[in-house]
Amino acid sequence: GEIVGHVKLSQWPRHVSLARDGRTLWVSLGTAADAIAVVDVRDPRRPIHTTTVKPAFLAHDVGFAPSGRAWITAGEARTIAVHGGPVLPADGAPQHVTFLGDRAYVTSGADGTVRVYHEPTARLLSTSRVPVGSYNVQFAAGRVLTPSLDTGTLCVLDAAGRLREEVHVAPSSHDACLASA
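Counting along the sequence shown from 1, when you hit position 157 you're at 163 in this note's numbering, and nothing is skipped either side.
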């Protein structure tokens, strides 16, 4: 990789998400951020900070669903939100979010849970237990992956959010991805 452009933001960039149109980047400005920077990246060599979103609570992670809606998780509160939509109850902060089809998967490493929401309606479908410390979450190949910082495990859940496999991979596991050969 090579750096092709940069933009100065008012606070520490923590989590980023590219909008579905590929032209806008949302940047959570801290672990428990009072602002999310919106950056125009149509020309990656000249990113422009265009506006700032003020969430209803201190934000941690932000992710764009296939519908184009931004989901915002909390850095301190037991809530998450759909930007411009409802504030929803959640498990302990900080939470992270990822999407697969019409589902949103929200982890709480503090509580050891993965909540599955029907993304279009923001309706809670299920909650599954995973090891405490399972903060980060990704999807790959029709599965949801969440590693645990505390136990060093990698949990694999199916699209319904059911735990299918738990494997010990290291003393501590921060993030996961699936690579194809």
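From the three backbone atoms N, C-alpha and C, an ideal C-beta is built for every residue, glycine too. Every value quoted in this text rests on a predicted model; they were computed, and no experiment measured them.
Leaving out the 5 sequence neighbours to the left and right, which residues in its chain are closer than 6 Å to residue i when beta-carbon positions are compared?
i: residue 178; result: 155 and 158
i: residue 36; result: 17, 18 and 20
State buried or exposed for residue i, treating a residue as buried only when at least 16 other CB atoms are found within 10 Å of its CB.
i: residue 152; result: buried
i: residue 49; result: exposed
i: residue 2; result: Residue 2 is absent from the model: the chain starts at 7 and stops at 187.
i: residue 2; result: There is simply no residue 2 to check, as the chain begins at 7 and stops at 187 in what is shown.
i: residue 27; result: exposed
Considering only C-alpha positions, which residue in the set the options is nearest to residue i?
i: residue 139; options: 71, 102 and 15; result: 102
i: residue 42; options: 74, 96 and 78; result: 78
i: residue 57; options: 63, 106 and 44; result: 44
i: residue 164; options: 13, 76, 29 and 132; result: 132
i: residue 73; options: 47, 89, 120 and 85; result: 89
i: residue 10; options: 129, 32, 81 and 52; result: 52
Quick one: grab the DSSP three-state call for residue i.
i: residue 89; result: coil
i: residue 188; result: Residue 188 lies beyond the residue range present for the chain, which begins at 7 and ends at 187; the question has no answer from this structure.
Under 7 Å Cβ to Cβ from residue i, same chain only, skipping five residues before and after it: list those, please.
i: residue 108; result: 124, 125 and 126
i: residue 200; result: Outside the modelled stretch of the chain, which goes from 7 to 187, sits residue 200, for which no answer is possible.
What distance in whole Å lies between the Cβ atoms of residue j and residue i, which are believed to be in contact at a cut-off of 8 Å?
i: residue 116; j: residue 98; result: 3 Å
i: residue 47; j: residue 30; result: 7 Å
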